[in-house]
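Note sheet for the following structure.
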């Protein structure tokens, strides 16, 4: 009998919530809508050494960049809402793929606590879908990007897929979210679950993610 291969979640590549049900796991990706609502009111903390590296990598004048950052950070710690100096006018983070991007930014909104962040439409959508997917499950545990002890994803049995997909589709979501959810979770035509081709779902998700980010 062929051993079932589980897909392994890659937290460094995407944000997610994982629903561990009694017989399978459901992966709900988080897709940023790039509204800038989080970065428009928050300035993360950097060391001077890291700021110098960032300025060098972005070809920015070091003294000017350090001065701008210090001014913004001082306003932030004195209770003002300040736009992050690393956020472009198009709401694109200049260090989104940089290794020095702070963990609090990488894990947002899961680094923010358990409440729904109403100013973030992507998080509102995510939590609404999460509520729909857990409705009716007799037992489950939810983990997310901030803490997930088991990154293996047990495939959804074919007999359960119609029920779970109907729950997902019962609430509106962006096309990119829908495509990513189905790519990660829909049972393969032969066998059960994305474990038959673990990388296919990730590649499919990444293509939609890059498309959304380019808009």
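In the numbering used here, the protein residues as written are 1121 to 1335. In this text, a Cβ means the ideal position worked out from N, Cα and C, and glycines have one as well.
Uninterrupted beta strand (DSSP E) stretches inside the region 1149 to 1225 (no shorter than 3 residues): Counting only runs of 3 or more, we get nothing.
Residue 1290 and residue 1245 closer than 8 Å at C-beta: Cβ distance not < 8 Å, so residue 1290 and residue 1245 don't count as in contact.
Cβ-based neighbour list, residue 1203, same chain, cut-off 6 Å, excluding 5 preceding and 5 following: Result list for residue 1203: 1160, in chain order.
CB contact flag (residue 1129, residue 1271, <8 Å): Residue 1129 is a Cβ neighbour of residue 1271, given a cutoff of 8 Å.
The region 1162 to 1172 in contact with the region 1182 to 1193 per 3-pair CB rule at 8 Å: They touch, by the three-pair rule.
Residue 1232 to residue 1281 span [Cα, whole Å]: Going from the Cα of residue 1232 to the Cα of residue 1281 covers about 32 Å.
Whole-angstrom C-beta distance between residue 1136 and residue 1148, which should lie under 8 Å: Rounded, the Cβ-Cβ distance is 6 Å, consistent with contact.
Beta strand (DSSP E) segments (min. 3 residues) lying fully within the region 1221 to 1297: You should have 1260 to 1264.
Helix, strand or coil at residue 1301 [DSSP, three-state]: Helix.
Sheet register partners of residue 1136 (DSSP bridge): Beta-bridge pairing links residue 1136 to 1149.
Beta bridge counterpart(s) of residue 1141 as assigned by DSSP: BP columns for residue 1141 point to 1260.
Proximity of residue 1154 and residue 1200 at Cβ, strictly below 8 Å: Cβ atoms of residue 1154 and residue 1200: not closer than 8 Å.
Option nearest residue 1162 by Cα separation, candidates 1142, 1260, 1288 and 1222: Among 1142, 1260, 1288 and 1222, the Cα nearest to that of residue 1162 belongs to 1222.
Cβ separation of residue 1216 and residue 1205, assumed to be a contact under 8 Å, to the nearest whole Å: 14 Å between Cβ atoms; not a contact.
CA-to-CA distance, residue 1145 to residue 1310, given in whole angstroms: Bear in mind that a pLDDT of 36 at residue 1310, under 50, signals an unreliable position, so the number given afterwards is only what the model happens to contain. Roughly 19 Å between the two C-alpha positions.
Neighbour-count burial assignment, residue 1264, 16 or more Cβ in a 10 Å radius: Buried.
Integer-rounded CB distance, given that residue 1276 should sit under 8 Å from residue 1307: That belief holds up - the Cβ atoms of residue 1307 and residue 1276 are roughly 6 Å apart, short of 8 Å.
Reference residue 1238, options 1168, 1225 and 1157, closest by Cα: Among 1168, 1225 and 1157, the Cα nearest to that of residue 1238 is on 1157.
Residue nearest to residue 1196 in terms of C-alpha spacing, selected from 1164, 1257 and 1141: The residue among 1164, 1257 and 1141 with its C-alpha nearest the C-alpha of residue 1196 is 1164.
Inter-residue Cα distance where the pair is residue 1208 and residue 1214: One C-alpha to the other measures close to 7 Å.
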